[in-house]
Amino acid sequence: MTLMQPKMPIELADLHSRSHLGRNEAFRVALLIPLCGSAGIWAPSCISSAQVAAKELNASGGIAGRKVQLIMIDAALEAEEPIEQVINRLIDTAAIDAIVGMHISAVRQQLSKVVRQRVPYIYTPLYEGGETTAGLYAIGETPAEQLRPALTHLQHTYRPKSWALIGNDYVWPRSSHSFAKSCLQDMGAGLAMERYVPFGLRRMNALVEELASSGAEAVLLSLVGQDAVDFNRAFGRADLHRRMIRLSCALEENGLLACGSANLQRLFSASTYFGVLPTEANAAFKERYYALHGPQAPVLNALGQSTYEGVHYLAGLIGAHPGVWQQKGAHDPLPVAHKSGRHLGHQTGNSRAPVYLARADGLQFNIVKML
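For the sequence shown, the residue numbers in my numbering are -9 to 361.
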């Protein structure tokens, strides 16, 4: 699979050489995206989507009257330099004004101890919930919003006797699966298998063989990026779709392309955004996205859209609450009006976008229902 590369923002090396410039030159947003490792597959879509938001904001005055400049920084666990060291140095030298992060929760937990309300930090993807750090705004959906209704629908529709829970070994899969086990217990479904694997596990055959012998009739898959791709390829080769359904809350359109259509039968995903979402908001977002990047742009998906929304959320937060954002956060959100590809108009306060269940159909998702 060839991923179309986005137009790249300023490089980190150039950022240091420009950090002496006046504060009014640009509003510099550190865009934290995994550029390598298991989650690196998400990078082109995430960068391209954020660039659409930056262009829109700069056409209407930027943020706080300053032109928005995106600073791309590798937020992968596999990056050469620990992200917390990079961000601490950039904040200390006043080289960035804010953070928009689309990365795994383990990185967010590390950075929350470093940022310490010195700059606003918008965390965009789905996550496990429970974030209480002041000045950190997690805008993605949580298991109660996303996972519970999807599990409920699939359990009532297909009535699997037991589930397998498979994920990478870090906070989001473990927390999500703990939540899922409570839901399954309430519905009377059994647990056949629960496994957590390190990032970058390329040989999935042994894991798939264990799954095949577990007796599970459904799988909740919480593997990240390329790990999910490798698992689904092995799953398809074993023809396990004949015996069980799959549900993922993090597999998006990039993953479908990489998995191959033969390996995607009876696979479901739950999300607040899909590229095929038939709404006016998404139609408008797609028009602006392809106008900027062309018809061969990186594929649209939930994680990419989240960076578009995150940059706009940052602008709304700074514009409406310049003096109080440090005291609030995901646990006690401020009302923020902002653009989104998920919903029309402005979303404020605790209002949330609807969650959709989609089924893989070839190399794209078809939406089954709004949950």
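Every residue, glycine too, gets a C-beta built ideally from N, C-alpha and C.
Skipping 5 residues on each side, what residues in its chain have a beta carbon closer than 7 Å to that of residue i?
i: residue 123; result: 102 and 319
i: residue 271; result: 330, 331, 332, 333 and 334
i: residue 296; result: 92, 114, 115 and 130
i: residue 202; result: 228 and 230
For residue i, which residues in the same chain have their Cβ closer than 6 Å to its Cβ, ignoring the five residues on either side in sequence?
i: residue 64; result: 25
i: residue 9; result: For residue 9, the predicted model reports a pLDDT of 40, less than 50, meaning its position is unreliable; a value from the coordinates is still stated below. Result list for residue 9: 83 and 85, in chain order.
i: residue 360; result: 344 and 346
i: residue 132; result: 119
Under 7 Å, do residue i and residue j count as touching if we go by C-beta distance?
i: residue 35; j: residue 265; result: no
i: residue 198; j: residue 228; result: yes
i: residue 20; j: residue 89; result: yes
i: residue 257; j: residue 353; result: no
i: residue 287; j: residue 38; result: yes
i: residue 213; j: residue 284; result: no
i: residue 17; j: residue 56; result: yes
Can you round the beta-carbon distance between residue i and residue j to whole angstroms, since I take them to be within the 8 Å contact cut?
i: residue 211; j: residue 236; result: 6 Å
i: residue 302; j: residue 43; result: 5 Å
i: residue 189; j: residue 67; result: 7 Å
i: residue 136; j: residue 260; result: 5 Å
i: residue 53; j: residue 305; result: 5 Å
i: residue 206; j: residue 177; result: About 15 Å separates the two Cβ atoms, so there is no contact after all.
i: residue 196; j: residue 145; result: Residue 196 to residue 145, Cβ: 28 Å. No contact.
With a 10 Å radius around its C-beta and 16 neighbouring C-beta atoms as the bar for buried, classify residue i as buried or exposed.
i: residue 139; result: buried
i: residue 110; result: buried
i: residue 281; result: exposed
i: residue 87; result: buried
i: residue 209; result: buried
i: residue 238; result: buried
i: residue 41; result: buried
i: residue 200; result: exposed
Please return the same chain residues whose Cβ sits closer than 8 Å to the Cβ of residue i, not counting the five positions on each side in sequence.
i: residue 310; result: 324, 325, 326 and 327
i: residue 74; result: 100, 101, 103 and 104
i: residue 355; result: 243, 246, 259, 264, 265, 266, 348 and 349
i: residue 226; result: 249, 250, 252, 253, 254 and 255
Stretch pair the segment 217 to 234 + the segment 163 to 171: three plus CB contacts closer than 8 Å
Touching, no.
Say whether the segment 280 to 291 touches the segment 78 to 87, bearing in mind that this needs 3 or more beta-carbon pairs closer than 8 Å, one atom from each stretch.
Three or more beta-carbon pairs separated by less than 8 Å are not found between the segment 280 to 291 and the segment 78 to 87, which leaves the two stretches without contact.
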